[in-house]
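Asks: Here our numbering is used: the first residue of the sequence shown is 1330, the next is one more, and so on. Sharing a structure below in structure tokens format, with a few things to ask.
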Amino acid sequence: MRLQIGARLFEGPGPFLMGVVNVTPDSFSDGGRFLTIDAALAQAERLVEEGADLLDLGGESTRPGAAPVEAGEERRRVVPVIERLRGRGLRIPLSIDTSKAEVARAALEAGADLVNDVTGLADPALAAVVAGAGAPVVLMHLRGTPADMASHASYADLLGEVAAELRRALARASVAGIPEERIILDPGLGFAKTPAQTVELLARVGELRALGRPLLVGPSRKRFIGELTGAPVGDRLAGTLAAVTACVLAGVELIRVHDVAAARQAAQVALALRNAGGWAGLR
Ligand code: HH2
1330 MRLQIGARLF EGPGPFLMGV VNVTPDSFSD GGRFLTIDAA LAQAERLVEE GADLLDLGGE
1390 STRPGAAPVE AGEERRRVVP VIERLRGRGL RIPLSIDTSK AEVARAALEA GADLVNDVTG
1450 LADPALAAVV AGAGAPVVLM HLRGTPADMA SHASYADLLG EVAAELRRAL ARASVAGIPE
1510 ERIILDPGLG FAKTPAQTVE LLARVGELRA LGRPLLVGPS RKRFIGELTG APVGDRLAGT
1570 LAAVTACVLA GVELIRVHDV AAARQAAQVA LALRNAGGWA GLR
């Protein structure tokens, strides 16, 4: 891959690690918000020390059935974190995980470099913000919304349909004036996919490299790992590392994880295995 994201040129096959910073408080009080901002800042700095290549900040949970968050509230959660990270001189590229145009605009103005949209630009207003800012963007595969996506997990040809729908997302971006060179594609593990479909998608994710764009994959702590192992969400690191290994062997360029240090170690070993195997065809 070759893509400028903020101050950094991401060049070569990677893998590059995107560290997850969730700014999603249970409390909506101001006190809760400040506590959350401090926690998010601490988490961001920890992930940078662990070797994250970029950070993904999110102010709304996309878990199935999660309560939707108003744009104003989402903005108030993430913008101060971006401002304070930039205020501390942190130069690591920052991604904003949002599907809302208003949140993306405010985050980009505050210093975010990349928009991570789990809906793959379903909203033309968000596409216009991305195009206007000249920002790179992650287009993830999703059907429906995070609230109702489970009812859309029906495929006759899983890989073929995901690839076709990602191509449609690329077309939406093109119509909005976003050049293809700025786009990263993501198959959306667990989004409108059953655990079994998620496993198939992960096993065959290398086939999506035919779409010609860098791939981002987010396996971290997801439900398919729980279904396979019985492990609760707080105890899925080992399963996550197996999935990280699969991503690296498949040539995935960007991997979204909560546990950066552990993922880096797994990725280093997997990369050595990939290189020893004479992997061909990496961009
Ligand atoms: N997964 C989650 C959120 N955002 N973005 C991309 N591009 N790809 C993903 O796989 C992805 C994503 C869900 O993970 P998490 O951040 O742990 O959960 P939540 O959305 O509940 O904060």
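We put the CB at the ideal spot given by N, CA and C, even for glycine.
Here's the rule: buried if 16 or more other CB atoms are within 10 angstroms of the residue's CB, otherwise exposed. What is Gly1416?
Replies: Exposed is the call here.
Asks: Leu1471 to Thr1391, Cα distance in whole Å?
Replies: Looking at the two C-alpha atoms, the distance is approximately 11 Å.
Asks: Please classify Asp1442: does DSSP put it in a helix, a strand, or coil?
Replies: Coil.
Asks: Can you name the start and end residues of the beta strand (DSSP E) that Leu1423 belongs to?
Replies: Leu1423 to Asp1426
Asks: Between the stretch 1456-1476 and the stretch 1404-1415, can you find at least three pairs of beta-carbon atoms closer than 8 Å?
Replies: Touching, no.
Asks: Say the cut is 7 Å; is the CB of Leu1499 nearer than that to a heavy atom of ligand 1?
Replies: no
Asks: Just confirm the distance between the C-beta atoms of Met1347 and Leu1583, as a whole number of angstroms; I'd bet it's less than 8 Å.
Replies: The beta-carbon distance between Met1347 and Leu1583, rounded to whole angstroms, is 6 Å. This is short enough to meet the 8 Å contact definition.
Asks: Could you give the distance in angstroms between the alpha-carbon of Val1534 and the alpha-carbon of Leu1487?
Replies: 11 Å
Asks: With DSSP run on the structure shown, which of helix, strand or coil describes Glu1399?
Replies: coil
Asks: Is the separation between the beta-carbon of Leu1537 and that of Ala1492 shorter than 8 Å?
Replies: For the pair Leu1537 and Ala1492, the CB atoms are nearer than the 8 Å cut-off.
Asks: Who are the Cβ neighbours of His1481 in its own chain at under 6 Å, not counting the five residues just before and after it?
Replies: Arg1472, Gly1473 and Ala1521
Asks: Mind checking Val1598: buried by the 16 CB within 10 Å criterion, or exposed?
Replies: exposed
Asks: Tell me the DSSP bridge mates of Met1315?
Replies: This structure cannot speak to residue 1315, because the chain is shown only from 1330 to 1612.
Asks: My output table needs one value for Met1330: the three-state DSSP class, helix, strand or coil.
Replies: Look at Met1330 here: in three-state DSSP terms it is coil, with no helix or strand label.
Asks: Which of helix, strand or coil does DSSP assign to Glu1340?
Replies: Residue state, collapsed to three classes: strand.
Asks: Should Leu1545 be counted as a contact of ligand 1 given a C-beta to heavy atom distance under 7 Å?
Replies: yes
Asks: How many Å lie between Ser1428 and Gly1380 at the Cα?
Replies: When only Cα atoms are considered, Ser1428 and Gly1380 end up about 27 Å apart.
Asks: Would you say Leu1376 touches ligand 1, meaning its beta carbon is less than 7 Å from a heavy atom?
Replies: Incorrect: Leu1376 has no Cβ contact closer than 7 Å to ligand 1.
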